[in-house]
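Engineer: Residue numbers for the sequence shown follow full-length UniProt numbering, so the first one is 1 and each next one is one higher. Ideal Cβ placement from N, Cα and C applies to all residues, glycine included. Take a look at this one; I'll ask things after.
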Amino acid sequence: MRLTRTSDLWWKNAVVYCLDVETYQDSDGDGTGDFAGLTQRIDHLVRLGVTCVWLMPFYPTRERDDGYDITDFYAVDPRLGTLGDFTEFVRTARDRGIRVIADLVVNHTSDHHPWFQDARSSRTSKYRDWYVWCDSPPEDGPEGVVFPDVEKSVWEHDETTGQYYLHRFYKQQPDLNVANPAVRDEIARIMGFWTQLGLSGFRVDAVPFLLETDGQEDADQLPDPHEYLADLRAFLGRRSGDAVLLGEVNLPYPDTAKFFGDSESSRGDELTMCFDFIGMQRMYLSMARGEAAPLAAALRERPAAPRDAHWATFVRNHDELTLDKLDDDERAEVFAAFGPDKDMQLYDRGLRRRLPPMVDGDRRRVELAYSLLFSLPGTPVLFYGEEIGMGENLAAEGRQAVRTPMQWTPDKSGGFTAGEGVELPNPVATGAFGPTKVNAHDQAHDPASPLGRMRTLIERYRETPELAWGDYRVIDTDDPGVLVHLSSLEGGAVLVLHNFSERSVTASVEVPGLRGGRLLTDVFTGDTLKSAAAGLVDVALDPYGYRWLRVNTPLDDPDRATAV
1 MRLTRTSDLW
11 WKNAVVYCLD
21 VETYQDSDGD
31 GTGDFAGLTQ
41 RIDHLVRLGV
51 TCVWLMPFYP
61 TRERDDGYDI
71 TDFYAVDPRL
81 GTLGDFTEFV
91 RTARDRGIRV
101 IADLVVNHTS
111 DHHPWFQDAR
121 SSRTSKYRDW
131 YVWCDSPPED
141 GPEGVVFPDV
151 EKSVWEHDET
161 TGQYYLHRFY
171 KQQPDLNVAN
181 PAVRDEIARI
191 MGFWTQLGLS
201 GFRVDAVPFL
211 LETDGQEDAD
221 QLPDPHEYLA
231 DLRAFLGRRS
241 GDAVLLGEVN
251 LPYPDTAKFF
261 GDSESSRGDE
271 LTMCFDFIGM
281 QRMYLSMARG
291 EAAPLAAALR
301 ERPAAPRDAH
311 WATFVRNHDE
321 LTLDKLDDDE
331 RAEVFAAFGP
341 DKDMQLYDRG
351 LRRRLPPMVD
361 GDRRRVELAY
371 SLLFSLPGTP
381 VLFYGEEIGM
391 GENLAAEGRQ
401 AVRTPMQWTP
411 DKSGGFTAGE
421 GVELPNPVAT
431 GAFGPTKVNA
441 HDQAHDPASP
451 LGRMRTLIER
461 YRETPELAWG
471 DYRVIDTDDP
481 GVLVHLSSLE
491 GGAVLVLHNF
501 SERSVTASVE
511 VPGLRGGRLL
521 TDVFTGDTLK
531 SAAAGLVDVA
541 LDPYGYRWLR
551 VNTPLDDPDR
561 ATAV
């Protein structure tokens, strides 16, 4: 694929940055972050190299699920500002070359949303069929709750009308009935409203739950949920031709790939991007073992995305670091390595920690993970604070441990607020990863700091189009600790190596199509090394080290570097 024909596919080499307005920057000293504060910090994102901001929910809410229990899909929560503040941020970001997407949370509403308040008032309500009701929970209905520490059932009895309503999340979040054409039309109106105000797309929350029809009496007669997702993508395309749908689909690879859409024509007509949950979890297993095999296997198993779609890669997201796709023994390995205390774990499936404390502040291992993020095939997604090496605060409840205020300066609130004695959304991190030790101000002019290294990684990623646009293949090596992959684009190729072990190693790599005596240049240092013989190159790696090596002449047979 030539770059000259892909200007509208901006998301293929984007750098996405997820943040919560509430915890990013407080402009008025009331203790809550707001859009005015976020706008003031836009230049930090510009200098970092961010090209797309993903906003967590900013809509009016009862705050029963950190903003995901929405009471109005067409407004901004007054604590965070006004619609005017929102549009000012979007305009300012656009002026700096940054697009903005936002969470689309339409699998459920708050139980205080006017729709549900009306729906529960009477069985004949206009909005009754906007939700899923039954006289008694069906035996063949959906099983398993998202928050097993709080909820024991997906059905909640409503005293007013004497029926049960469906909720896959908290009982304060009744599920919308996406099978209802009126609900589907309303979801399209919500998308159209926010794209008209400047959004470049949406991160779609909990996509499989959005499309699920289990528990409905006429489920076998309902429209195909994937056809509905394709309709949403087509609607968004009509409103904004280059807008994206970034989907949260945590399923095995074959099931996740279905959400890209039409595989027969190699064109994605549903989600633009899907998060690679499998690759993320296998990466942590590789780090725990000091072996490349788990991640290498995931990269070989991962289906190729259609031409008009892409995978999204991440080190951690805004929820718990889920490990649910590892088996019990594998999960126990990762827990033992990175979260041995029960308080560090959540729902028996994940960790409520950030990476730097997980590896005891070992900068080598942190950099290894982020080098993987920017060099493995897919669009990299950062969670706010990762760029400065923030830690978690386990004193916060559940998932809130990793949603602490952004640390800008060394003062006690991390420069998040100038207010004195005000209540913060979550407690600031403390100890070795508190703001006196970790903050953006102290790192801003130090190229060797976490912030400086993150900027460098992003610069090199943006200068290396093979990583975002090229085909890739995993290459076997003679060392179990080393992961090697080759990314190739017409006219160029980059060889990338990562050492998961604590040993210094020299990896012997057979590169398809590489002639003997060819030079390879280190993308970071400019150092060169020469292939020893036809197809062979020996590369030295420090403990937990990584190298990105550009092949200075095209490979003899670039087609041999296509994805496996």
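#1: V178 lies in the alpha helix (DSSP H); which residues open and close that run?
#2: Confirm, please, whether the CB-CB distance from R455 to G49 is below 8 Å.
#3: Considering only residues of the same chain and omitting the five flanking positions on each side of Q281, which have a CB-CB separation below 6 Å?
#4: For P225 and E212, what's the separation of their Cα atoms in angstroms?
#5: Need the endpoints of the beta strand (DSSP E) that H318 sits in, please.
#6: Please report the straight-line C-alpha distance between S136 and E159, rounded to a whole angstrom.
#7: Could you tell me if V150 is buried or exposed, where buried requires 16 or more neighbouring beta carbons within 10 angstroms of its beta carbon?
#8: Buried or exposed for T23, please, with buried defined as at least 16 other CB atoms from any protein chain shown within 10 angstroms of its CB.
#9: Can you tell me whether V494 is buried or exposed, with buried defined as 16 or more other CB within 10 angstroms of its CB?
#10: Using the C-alpha atoms, what's the distance from R289 back to L166?
#11: Return the Cβ separation of G247 and V204 in integer angstroms, given the expectation that the two are a contact with Cβ distance under 8 Å.
#12: Where does R5 fall in DSSP's three states?
#13: Between which residues of its own chain and L45 is the CB-CB distance below 7 Å, once the five residues before and five after are set aside?
#14: Since S487 sits in a beta bridge, which residues does DSSP pair it with?
#15: Can you tell which of A188, L210, P208 has the C-alpha that lies nearest to the C-alpha of G201?
#16: What is the DSSP secondary structure of A337, counted as helix, strand or coil?
#17: When you compare each of D255, L346, L285 to R302 by their alpha carbons, which one comes out closest?
#18: Using CA atoms only, rank isn't needed, just tell me which of R518, L541, A432 is closest to A533.
#19: If I measure Cβ to Cβ from V146 and keep anything under 7 Å in the same chain, skipping five residues before and after, which residues do I get?
#20: Can you confirm whether the stretch 494-514 touches the stretch 301-321 when touching is taken to mean that 3 or more C-beta pairs between the two stretches lie within less than 8 Å?
#21: Starting from E510, trace the beta strand (DSSP E) both ways and give me its first and last residue.
#22: In three-state DSSP terms, what is R203?
#23: Does the Cβ-Cβ distance between G421 and D26 come in under 8 Å?
#24: Tell me whether E367 sits in a helix, a strand or coil according to DSSP, three-state version.
#25: Which residues does DSSP list as the beta-bridge partners of P137?
#26: Which value, in whole angstroms, describes the spacing of the CA atoms of E367 and Y546?
#27: Please classify Q117: does DSSP put it in a helix, a strand, or coil?
#28: Using a Cβ distance threshold of 8 Å, determine whether the stretch 364-383 contacts the stretch 433-444, with at least three qualifying pairs required.
#29: What did DSSP end up calling R547 once you bin it into helix, strand or coil?
#30: I need the boundaries of the beta strand (DSSP E) containing P380, first residue and last residue.
#31: Kindly indicate the opening and closing residues of the beta strand (DSSP E) around D158.
#32: Is D85 closer than 8 Å to M56 when the C-beta atoms are compared?
#33: Give me the Cα-Cα distance between S286 and D118, rounded to the nearest whole angstrom.
#34: Measure the alpha-carbon distance for T51 versus A395 and round it to whole angstroms.
#35: Tell me which residues share the same chain as G67 and place their Cβ nearer than 6 Å to its Cβ, disregarding the 5 neighbours each side in the sequence.
#36: Kindly indicate which residue of Q172, D103, P465 has the alpha-carbon position closest to the one of M191.
Structural biologist: If we stick to the structure as given:
#1: If you look at V178, you'll find it isn't in any alpha helix (DSSP H); DSSP assigns it neither H nor E.
#2: Yes. Within cutoff.
#3: Excluding sequence neighbours, Q281 sits near L323, K325, L326.
#4: So the two alpha carbons sit approximately 7 Å from each other.
#5: Segment: none, H318 is in no beta strand (DSSP E) and carries neither H nor E.
#6: Roughly 13 Å separates the two Cα atoms.
#7: Taking all protein chains shown into account, V150 has fewer than 16 neighbouring C-beta atoms within 10 Å of its C-beta and is therefore exposed.
#8: Buried, because 16 or more other Cβ atoms sit within 10 Å of the Cβ of T23.
#9: Buried, because 16 or more other Cβ atoms sit within 10 Å of the Cβ of V494.
#10: When the Cα atoms are used, L166 and R289 turn out to be separated by approximately 41 Å.
#11: In this structure G247 is in contact with V204, their Cβ atoms being roughly 5 Å apart against a cut-off of 8 Å.
#12: Note that R5 scores a pLDDT of 43, beneath 50, so its modelled location is shaky; the value from the coordinates is reported in the next line. Helix at R5.
#13: Correct list, in chain order: Y17, V53, I98.
#14: DSSP, once it has assigned bridges, lists Y472, V494 as partnering S487.
#15: When only C-alpha atoms are compared, the closest one is A188.
#16: Residue state, collapsed to three classes: helix.
#17: Checked all of D255, L346, L285; the closest Cα to R302 is D255.
#18: Of the candidates R518, L541, A432, R518 places its Cα closest to the Cα of A533.
#19: Spatial neighbours of V146 in its own chain (CB-CB distance under 7 Å, excluding positions within 5 residues in sequence) are listed in chain order as R168, F169.
#20: They do not touch, by the three-pair rule.
#21: Segment 505-510, the beta strand (DSSP E) holding E510.
#22: Of the three classes helix, strand and coil, the one that applies to R203 here is strand, per DSSP.
#23: In this structure, D26 does not lie closer than 8 Å to G421 by Cβ.
#24: DSSP places E367 in helix when its eight states are reduced to three.
#25: Partner residues in a beta bridge of P137, as assigned by DSSP, do not exist.
#26: Roughly 9 Å between the two C-alpha positions.
#27: Helix, per DSSP.
#28: Touching, no.
#29: R547: strand per DSSP, three-state reduction.
#30: Per DSSP, P380 belongs to the beta strand (DSSP E) from 379-383.
#31: Note, D158: beta strand (DSSP E), 155-158.
#32: No, the Cβ-Cβ distance between M56 and D85 is not below 8 Å.
#33: Taking the straight line from one Cα to the other gives about 51 Å.
#34: The straight-line gap from Cα to Cα measures roughly 33 Å.
#35: Same-chain partners within the cutoff: P57, T61.
#36: For M191, the nearest C-alpha among the options comes from D103.
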